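K.L.:
Top to bottom, those sequences are chains A and B. Position one of the first sequence corresponds to residue 241 (our numbering), numbered consecutively onward. Position one of the second sequence corresponds to residue 10 (our numbering), numbered consecutively onward. No residue lacks a Cβ here, since even glycine has one placed at the ideal position from N, Cα and C. Keep in mind that this is a model prediction, so the values were computed, not measured.
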Amino acid sequence: AQSVAQPEDQVNVAEGNPLTVKCTYSVSGNPYLFWYVQYPNRGLQFLLKYITGDNLVKGSYGFEAEFNKSQTSFHLKKPSALVSDSALYFCAVRDLRSHSNYQLIWGAGTKLIIKP
Amino acid sequence: EPEVTQTPSHQVTQMGQEVILRCVPISNHLYFYWYRQILGQKVEFLVSFYNNEISEKSEIFDDQFSVERPDGSNFTLKIRSTKLEDSAMYFCASSEADGLQETQYFGPGTRLLVL
Numbered sequence: 241a242q243s244v245a246q247p248e249d250q251v252n253v254a255e256g257n258p259l260t261v262k263c264t265y266s267v268s269g270n271p272y273l274f275w276y277v278q279y280p281n282r283g284l285q286f287l288l289k290y291i292t293g294d295n296l297v298k299g300s301y302g303f304e305a306e307f308n309k310s311q312t313s314f315h316l317k318k319p320s321a322l323v324s325d326s327a328l329y330f331c332a333v334r335d336l337r338s339h340s341n342y343q344l345i346w347g348a349g350t351k352l353i354i355k356p
Numbered sequence: 010e011p012e013v014t015q016t017p018s019h020q021v022t023q024m025g026q027e028v029i030l031r032c033v034p035i036s037n038h039l040y041f042y043w044y045r046q047i048l049g050q051k052v053e054f055l056v057s058f059y060n061n062e063i064s065e066k067s068e069i070f071d072d073q074f075s076v077e078r079p080d081g082s083n084f085t086l087k088i089r090s091t092k093l094e095d096s097a098m099y100f101c102a103s104s105e106a107d108g109l110q111e112t113q114y115f116g117p118g119t120r121l122l123v124l
């Protein structure tokens, strides 16, 4: 069965430092991977996705993510964190071999706190 | 930038009552979805909808749930007889096309509390 793991409930980073939010996945085929962010009282906003091609994907707000097939990971990164990056981050996956073409399978979310 | 909108933002209802959650997808999108997130749990897929038909539904989407596109802009989720365990944040999403590579864009959610 498909699954997504975000091993850290919370990540604390000082402003200006690089940040990493971890995501690993388990699928039976080739994964399609997504990152979303949820700010307080807001919906899920799309950040970036990996479909195929370059393993380093660039997205909104200066975020990027690296697809690593051998480690089945898709970690979200940013070179220099801003206080405004503080939010809840979700990793999600779709699988080519799944019976489903539509649904996203979600991680539990990681709360990112950027301290001034 | 076009957005998915949802109303109401919060809904409180008594157990056994019917609720209708409303969504306005992005205007040129053809595929619509509902997800829910029970407090402290993962986001879960409920249903996808295209061309006035359900494309796919999860085990959660039982007979008490229904979806409808009553006009050219709205997409609704009806819960016929609410239960305590239906309390959750409900997210609507839409995408331009189907396909595994398509991005689903989400609304801000409706927080449903069943008492």
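Can at least three beta-carbon pairs, one atom from the stretch 86-98 of chain B and one from the stretch 13-24 of chain B, be found at a separation below 8 angstroms?
P.N.:
yes
K.L.:
Following the continuous beta strand (DSSP E) through Val-261(A), name the residue where it begins and the one where it ends.
P.N.:
On the first sequence, position 21 is the one that residue 261(A) refers to. First-last of the beta strand (DSSP E) with Val-261(A): 259-261.
K.L.:
Which runs of the beta strand (DSSP E) spanning at least 3 residues fall entirely within the stretch 260-332 of chain A, listed in chain order?
P.N.:
Segments of the beta strand (DSSP E) lying fully in the stretch 260-332 of chain A: 264-266, 271-278, 284-290, 296-298, 304-308 and 313-318.
K.L.:
What are the residues of the stretch 249-275 of chain A that lie near chain B, defined by any Cβ-Cβ distance shorter than 8 angstroms?
P.N.:
Result list: Tyr-272 and Phe-274.
K.L.:
Exposed or buried, Asp-294(A), counting other C-beta atoms within 10 Å across all chains shown (16 or more means buried)?
P.N.:
For this step, residue 294(A) is matched to residue 54 along the first sequence. By the 10 Å Cβ count, Asp-294(A) comes out exposed.
K.L.:
In the DSSP output, which residue or residues are listed as bridge partners for Gln-250(A)?
P.N.:
Numbered from 1 along the first sequence, position 10 holds the residue referred to as residue 250(A). Paired residues: Lys-351(A).
K.L.:
Would the beta-carbon of Trp-275(A) fall within 9 angstroms of that of Phe-307(A)?
P.N.:
Residue numbering aside, residue 275(A) sits at position 35 when the first sequence is read from its first letter. Residue numbering aside, residue 307(A) sits at position 67 when the first sequence is read from its first letter. At the C-beta level, Trp-275(A) and Phe-307(A) stay beyond 9 angstroms of one another.
K.L.:
Identify whether Glu-94(B) lies in helix, strand or coil by the three-state DSSP scheme.
P.N.:
Indexing the second sequence from 1 puts residue 94(B) at position 85. Looking at Glu-94(B) - three-state DSSP - the assignment turns out to be helix.
K.L.:
Taking the straight line between their C-alpha atoms, what separation do you get for Met-98(B) and Ile-47(B)?
P.N.:
For the purposes of this step, residue 98(B) is taken as residue 89 along the second sequence, with counting starting at 1. For the purposes of this step, residue 47(B) is taken as residue 38 along the second sequence, with counting starting at 1. Rounded to whole angstroms, Met-98(B) to Ile-47(B) spans 6 angstroms at the Cα level.
K.L.:
Got a sec: which bits of the stretch 74-93 of chain B sit with their beta carbon under 9 angstroms from any beta carbon on chain A, in order along the chain?
P.N.:
Those residues of the stretch 74-93 of chain B that come within reach of chain A (Cβ to Cβ, closer than 9 angstroms) do not exist; the list is empty.
K.L.:
Using C-beta distances below 8 angstroms, list every residue in its chain close to Ser-67(B), excluding the 5 sequence neighbours before and after it, in chain order.
P.N.:
Within the second sequence, the letter at position 58 stands for residue 67(B). Same-chain partners within the cutoff: Glu-53, Phe-54, Leu-55 and Val-56.
K.L.:
Between the beta-carbon of Cys-101(B) and the beta-carbon of Leu-121(B), is there less than 9 angstroms?
P.N.:
Residue numbering aside, residue 101(B) sits at position 92 when the second sequence is read from its first letter. Residue numbering aside, residue 121(B) sits at position 112 when the second sequence is read from its first letter. Not closer than 9 angstroms, so no.
K.L.:
Starting from Thr-14(B), trace the beta strand (DSSP E) both ways and give me its first and last residue.
P.N.:
Numbered from its first residue, the second sequence carries residue 14(B) at position 5. Run containing Thr-14(B): 14-16, per the beta strand (DSSP E) assignment.
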